[in-house]
Every structure is written in structure tokens, then in C-alpha cells.
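**Student:**
Chains as they are written, first to last, in this note's numbering: chain P, -11 to 309; chain R, 1426 to 1868.
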């Protein structure tokens, strides 16, 4: 026979799924939240998001090419996601040099020093945000009033969670929180836009419901029980669900493939853990917001959770029909 | 809602382009090569020598040991030699070379086309006939049927399951056989029920074969105890454990046999062969083979004698396309890539799939992004990426704890992986290693 045949073990076909497709699906799912940010913060939203993406992709390219001396992997889209998520987690008037530092920390330290995509322990965007929050607390916790807010005379305004403990009478309406016209970080303000993203990700099977819904359910249950005993705004479950970074964290950051558990059981443990820690920090901690700390903590526990949560085995329960 | 198995599964594109193509004959060449190992278990002992004349159906290889079976001549002619020949395994193994002269059958074989419905034989006699005729599992596993139909002491079969699922993409040989030989398959089913002494049989057919479901629903009424169950299309439903789960809701435990939940599974092709063996005294010397592929000119279903070179079958389908990169014996998910097409058809050849070069090459593997898609598609509830890592780092005790030996090698994990990781390659390696360790511990 004149032509040589390729011999390889089965299977001989592939689904065609790629890392890039999954990453770009996440980016598509972030579009509604980005549109709300554009509407609320106007040009600032575009500048911050574009800069963060540029910083993250640029740092990844430079570090991989010139320090690690490998083929740059920026085309996989993961650095773009880190950039967008980092931008969504900061106030819209954050100085760009601070944003650049945050991007460098997220990409250089949290992602690449662990070996790049797939090998990092912590979610780069979350770790980047926390790095900035600790290093630049003033800049990271003053938010410009939304351009669409009724009180246009305010230069800066506290977020919902900031007001929860200090000035519950200044809370915006639940409707404002759901639609996203209250003050807050760039991409976290509209629960509705983020939920549209969730529906898209579930439809595309990029993620499963286990992590986002277990986080939301835990937060709602935990605060709901407290609210039942003491119905004050501080314990209102819907306020907790629709404010701060909860939706953004639950849908886009906690579900990061690399840093979340691999089995259904593990995902539920992880989600419940994030929900509990978030509420605990929000109610009794020094910071008004706890989602990112909660995710970071559960990221650290992920290898342990993976180790102790096996998938449901075939034949484990022999059911006789 | 249609039934299916409950853990994992994937939906590869079906590509059944040879569906509905009538089973066609193929000319017998001047020489055939009959491998003496066409089944799982010990190879046969040759019982012919150079110069012997044989007819179609003459015993040429005798079963040795419990898990083994007979092999018969598929042609009439003269034995040229017994020598090593390349087969689908990629190795040269013992085979009988026969020079073909005419097409004379053993007198005991009933070649009339009439359907013979009644069977007065007792269970033991049926099993003896199946063993003598060299019947093996025709779905591809080629496990000797008489062994499978002999439940180990202390176990009792309650239900017979007939596998008409054909969940591999591209393949249509079982489907076409069901369309053309429905009565024979149903009579074969009653014979197997009798052999096992069970009162109930279910024929499972995936919902993408509507015509077969209709035909069997209509004809099964004439046979007591046989029902037809349409199944939701999902790979790997043809896997024995998956099919039992789908049809009965019973899950066979780790390391256990189907008989542990009272079930015995037989492929439709096997049941047809059993009909011919028991009712017509015809040993297993031919089978239906699908020849198909994206660039194949005339995808078809061929009734081929054992021993005919795959090249001849590919010729009937319009020849090997110039773009050919890979030729697979069997389906795309579990079939074996061949090093050469100059090998004979055997009892387990369910199809020949020809894949163009562009689609035959694998992409470079990337780092695992822990998306867990392999975990969610695994029909056995395993963690493929963990098993791959454990194999890579040779952590055999942990691999055993993580049930690596439960893997049915369906390939759903590798198929799904967005990072193109060769999960099943590693798991197969680790499974072999761990099985060896378990065996050595028992000894």
C-alpha cells in the first residue's frame, strides 16, 4: 500500500469544543452587564474596561514571551476575561495606573507564576481586586454617583452595602438594585443584566447551575432566617442578593473552571461555603462586602473539596425496579 | 419521556449515511485468510493442515479452554498453509490460508430461506449448538456467546435484553439487519429466552431508528414475552451496563456482571447468528459490515464472509478515497485504527470507517482547565482527568480507589475535552496496570 495510515487509539472523533469557545461564551455572557455599565457610567465604563483588558492581555503576552520564553497564549481569551472581570470590580473613576497594578498582580503573580491557565489556585480577577482593595482602600471604596441617579449633585456616593450598616434610610429601591441604577463597581450594579448572562451560560452549557444557584440560595436562606426574626433592612434577603458583587461573583467569578471544584457535590459544598462566608462578612465583618473574600477562601479549599467529593458512581446504589 | 441511562453521556453527530442501504453480497476472492483468534479468550487450535479440502462450515479451528470458541471455514477449497497474518490487532497472528474453489457448503447446513419458528431443543442442547457454531458477541466485543449464556453457579437470569441500540455514529449494520431479518431476530430471541429459561425479553432500540421501532413493535406481538422499548438517543447506550440501566433501572455494581442484577444482554447481530446456528445448523461464517465515511463514494452495508480482505469491501464502496488518513475497524468512538487495509473481515468487524486526513489528526493537548466536562459526561461516574493524572504519576492505589477498572473505554471524556487531552489513552494504560496489580494480588 502506497499511503501510510494514521494509527491512534479511540475515540477517532472530537466534539470540536475548545478552550477558546468556552472563554468567548463567558465574554458574550458579560455583554449585558457591560451595556448597563456603559449606560450608567458612560465613557468611563469603556475606558476602564478597555484599559483593564489591554493591561491584562499585554502583561500576559510580555511575561509569557520575554520572561517565561514560551509561545504567548493570549488567544485563549482567558486574559481578556480577567481584564473584563477586574474592570467590573472597580469604581468607574479608578486611576488607570492603579488598574495597571491590579492587572499586573492578577496576571503576573496570581496566574502566570503558578503556571498559567489551568494551574492557578486563585481566581486572578478576584485576587487582583482584593490586592487593590487592600493597597488602595480609599480609591477602591469611593464610587461616583451613577450618571443616571436622581441625585446628580453628589460627587461620590456610598454603595448599598456601605449604607446597610451605616445609613439604612439612604438605601435605593430594590428595583434600582435589580436594574442597576444604584452606585457601585462598574459591572456589578445590574442584577438583571448578570442574570441574563447566567441564562446564556447555562444554555450554552458553559457552566452548570450548581455553583451560582447554591451561592444565591445560601445567601437568601441565611439572611432570610435572620430577617424572619428581625425584619430590618440589614437582613433583607433581596437586598443581599441584588447588591454588591454577589451576582457578578456567583455567576462569573466563583464559576471560574480552574479554581472551582469538579464534581457536582463539590460544587454545592463550594457554593454553600461562599454564600455563608459572604453573609458573615457583610453582617459582622469589617468590610461592607464579602463576596470576593469568600470566593478567594473557597478557591483555597477547592483542591481539598475535590479530594473528598467523588462523582456519583455508576452502580453505587443498586436500585431494583 | 423516553428512557435512557442516568449518568453522563454525550450526543455525537450521528452521520448514519449508509442507513437504509440494502445489505448487498460481495464476491469471494481467490484466497481468504482466517485468523484463529477472532474472539476474546484463547485462540483456536487449528484442526486442518496444508492440502486439506474444506467446505463452507467445516470446522477449521477448535475451541481450547472455557473462554474460547470454534472457527469454521467460510469458503470451500483447499488449505494452503497455516501461517502468521496481520489482523486488526496490528500484530501478525496464526491464521488459516485457504485457496477458494467453488462455493460448496457442508450438507448439514440448511440454506433454505424459510423461517423456522419452532425450536424443540432443551436449554443445554441450544447452548451446545451455539458453542459448536462459534457464535461470539457481534457488537464488537466478540465474547463467546455460549459462555455469556451460561450464568455462573448461584445466579439466575430474569430478563433478556436485546441490544438494537447501535449508538456508534456512522454504523448501520445492526439497523439494516433489523430491517431485513426482523423475524429471524425475534425467533432468535425466543431461542435465547429458552436457553436462559427466562420469560421476559426487551428489545432496546434508539429513537433515531423509527422504522425499526415500528417494524419490531408490529412483529413482536406474535411472540410471547418480547417487548420493544424506544430509547432516547444518547451515547454510550449500547454499553451493557448503560443499556440495562436504561431498560430496567437496575445498575450493575462496580466489578460485577450483568447477571448480578438478573440481566443478560445480547446484540441483535448475535441473536440473528444464534437463530441461524440453532435453526439452520449454520456456523458463524459471515456478517454484515458497514463501509462508510465522509468521502466514501458509495456508503453501504455488505454481507461479507469472514476472511475477505477489507480492501475488497472498500472496493465495493467505491474504493479508498485519496484523502484517506485513517481507516477504523468499528465505529468512530470505540473502533480500532488499522495500520493496513490488507487484513481480513472477522466475526467482530461491524464496520469500516474511512476518515479523511484533515479529520484524522489529533490536536495538540493543552493544560487541563478543570472545566469538569469529562466528569459530567463519564457514564460510569468516574473523574477522568483525575485518573489521567494518577496514571501519569503512577499512583496506582489511588487509581484503584477511584474505580479506574470501571472504565468502559467509551471515549466520551476524550471526545468532550476542550483542551484536547488524551484522557482515555492514559486511563486505558492505568486500567491495564491496575488490573494487573489486582490479579497479582489474588494469586
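Ideal Cβ placement from N, Cα and C applies to all residues, glycine included. Computed from a predicted model, the values in this text were never measured in an experiment.
Name the two residues that bound the continuous alpha helix (DSSP H) containing residue 1448 (chain R).
**Tutor:** It is not in any alpha helix (DSSP H) - residue 1448 (chain R) instead sits in the beta strand (DSSP E) that spans 1448 to 1450.
**Student:** Just how far apart, CA to CA, sit residue 100 (chain P) and residue 1861 (chain R)?
**Tutor:** Going from the Cα of residue 100 (chain P) to the Cα of residue 1861 (chain R) covers about 40 Å.
**Student:** Please classify residue 1526 (chain R): is it buried, with 16 or more other beta-carbons within 10 angstroms of its beta-carbon, or exposed?
**Tutor:** Label assigned to residue 1526 (chain R): exposed.
**Student:** Taking the C-alpha atoms as reference points, what is the distance between residue 296 (chain P) and residue 237 (chain P)?
**Tutor:** Answer to the nearest angstrom: the Cα atoms are 24 Å apart.
**Student:** Is there at least one Cβ from chain R nearer than 7 Å to residue 13 (chain P)'s Cβ?
**Tutor:** It does not: the Cβ of residue 13 (chain P) has no partner Cβ on chain R nearer than 7 Å.
**Student:** Here's the rule I'm using: 16 or more other beta-carbon atoms within 10 Å means buried, otherwise exposed. How should residue 139 (chain P) be labelled?
**Tutor:** Low confidence applies here, because residue 139 (chain P) scores a pLDDT of 45, under 50, leaving its location unreliable; read the following figure in that light. Result: exposed.
**Student:** So, with DSSP's three-state summary, where would you put residue 1490 (chain R)?
**Tutor:** Residue state, collapsed to three classes: coil.
**Student:** With distances taken from CA atoms, which of P:274, P:75 and P:22 is nearest residue 112 (chain P)?
**Tutor:** The option with the nearest alpha carbon to residue 112 (chain P) is P:75.
**Student:** In angstroms, rounded to a whole number, what distance separates the CA positions of residue 5 (chain P) and residue 126 (chain P)?
**Tutor:** Whole-angstrom Cα-Cα distance: 43 Å.
**Student:** Kindly say whether residue 1518 (chain R), judged by its beta-carbon, lies nearer than 7 Å to any beta-carbon of chain P.
**Tutor:** For residue 1518 (chain R), the answer is no, since every Cβ of chain P falls outside 7 Å of its Cβ.
**Student:** At the 7 Å Cβ level, is residue 1676 (chain R) part of the contact set with chain P, yes or no?
**Tutor:** Residue 1676 (chain R) counts as touching chain P.
**Student:** Near residue 1791 (chain R), what residues of its chain come up, given a Cβ to Cβ distance below 6 Å and the 5 sequence neighbours on each side ignored?
**Tutor:** Only 1844 meet the Cβ criterion.
**Student:** Please list the partners that residue 1841 (chain R) has in chain P, where partner means a Cβ-to-Cβ separation under 9 Å.
**Tutor:** 2, 3 and 5, listed in chain order.
**Student:** Does the Cβ of residue 1565 (chain R) have 16 or more other Cβ atoms within 10 Å, making it buried, or fewer, making it exposed?
**Tutor:** With 16 or more Cβ atoms within 10 Å of its Cβ, residue 1565 (chain R) is classed as buried.
**Student:** Along chain P, which residues have their Cβ under 9 Å away from the Cβ of residue 1679 (chain R)?
**Tutor:** The answer, in chain order, is 301, 302, 303 and 304.
**Student:** What separation, rounded to the nearest whole angstrom, lies between the Cα atoms of residue 10 (chain P) and residue 197 (chain P)?
**Tutor:** Taking the straight line from one Cα to the other gives about 16 Å.
**Student:** Quick one: which unbroken alpha helix (DSSP H) runs of 4-plus residues sit fully inside the stretch 1788 to 1836 of chain R? Chain order, please.
**Tutor:** The qualifying runs are 1798 to 1802, 1809 to 1817 and 1821 to 1826.
**Student:** Within 10 Å of its beta-carbon, does residue 143 (chain P) have 16 or more other beta-carbons around it, so buried, or fewer, so exposed?
**Tutor:** Here the model assigns residue 143 (chain P) a pLDDT of 45, short of 50, so the residue's position is not dependable, and the following value carries that caveat. Classification of residue 143 (chain P): exposed, given that the 10 Å Cβ count is below 16.
**Student:** Could you check whether residue 1453 (chain R) and residue 1521 (chain R) sit closer than 7 Å to each other, using their CB atoms as the reference points?
**Tutor:** Not a contact, by the Cβ cut-off of 7 Å.
**Student:** Since residue 129 (chain P) is in the alpha helix (DSSP H), which residue starts that stretch and which ends it?
**Tutor:** No alpha helix (DSSP H) contains residue 129 (chain P), which DSSP labels as neither H nor E.
**Student:** Pull the bridge partners of residue 1718 (chain R) from the DSSP assignment, please.
**Tutor:** Residue 1718 (chain R) pairs with R:1779.
**Student:** Pick helix, strand or coil for residue 1543 (chain R), following the three-state DSSP scheme.
**Tutor:** If DSSP states are grouped into helix, strand and coil, residue 1543 (chain R) belongs with coil.
**Student:** When you compare the CB of residue -6 (chain P) with every CB in chain R, is at least one pair closer than 7 Å?
**Tutor:** Residue -6 (chain P) counts as touching chain R.
**Student:** Could you tell me the boundaries of the alpha helix (DSSP H) in which residue 1518 (chain R) lies?
**Tutor:** Counting along the chain, residue 1518 (chain R) falls outside any alpha helix (DSSP H), though it belongs to the beta strand (DSSP E) covering 1517 to 1525.
**Student:** Look at the alpha carbon of residue 92 (chain P) and the alpha carbon of residue 41 (chain P), and state the distance between them as a whole number of angstroms.
**Tutor:** If I take the Cα positions, the gap works out to 11 Å.
**Student:** Could you name the residues of chain P that residue 1792 (chain R) contacts, counting a contact when the two beta carbons are closer than 8 Å?
**Tutor:** Chain P residues near residue 1792 (chain R): 103, 104, 105, 106 and 107.
**Student:** List, from N- to C-terminal side, the alpha helix (DSSP H) runs of 4 residues or more that fit wholly inside the stretch 32 to 84 of chain P.
**Tutor:** Entirely contained in the stretch 32 to 84 of chain P, the alpha helix (DSSP H) runs reaching 4 residues are, in chain order, 66 to 76.
**Student:** Pull up the distance between the alpha-carbon of residue 1584 (chain R) and that of residue 1439 (chain R), whole angstroms please.
**Tutor:** Spanning the two alpha carbons is a distance of roughly 29 Å.
**Student:** Going along the chain, which unbroken runs of the alpha helix (DSSP H) with 4 or more residues stay wholly within the stretch 1681 to 1710 of chain R?
**Tutor:** Those alpha helix (DSSP H) runs which fall completely within the stretch 1681 to 1710 of chain R and span 4+ residues are 1693 to 1705.
**Student:** What residues in the stretch 230 to 248 of chain P bring their beta carbon closer than 7 Å to a beta carbon of chain R?
**Tutor:** Listed by position, the residues of the stretch 230 to 248 of chain P near chain R (Cβ gap below 7 Å) are 245 and 246.
**Student:** Give the straight-line distance between the Cα atoms of residue 1685 (chain R) and residue 23 (chain P), rounded to the nearest whole angstrom.
**Tutor:** Residue 1685 (chain R) and residue 23 (chain P): Cα-Cα distance of roughly 59 Å.
**Student:** Note down, in chain order, every chain P residue with its Cβ under 8 Å from the Cβ of residue 1663 (chain R).
**Tutor:** Result: empty, since nearest Cβ-Cβ is about 14 Å, beyond 8 Å.
**Student:** Would you mind sorting residue 1828 (chain R) into buried or exposed? The rule is 16 or more other CB atoms within 10 Å of its CB.
**Tutor:** Residue 1828 (chain R) should be labelled buried.
**Student:** Going along the chain, which residues of its own chain have a beta-carbon closer than 6 Å to the beta-carbon of residue 257 (chain P), five neighbours each way excluded?
**Tutor:** Only 293 meet the Cβ criterion.
**Student:** On the CB-based measure, 16 or more other CB atoms within 10 Å of its CB, does residue 1436 (chain R) come out buried or exposed?
**Tutor:** Burial call: exposed.
**Student:** Could you give the distance in angstroms between the alpha-carbon of residue 1450 (chain R) and the alpha-carbon of residue 1771 (chain R)?
**Tutor:** Going from the Cα of residue 1450 (chain R) to the Cα of residue 1771 (chain R) covers about 16 Å.
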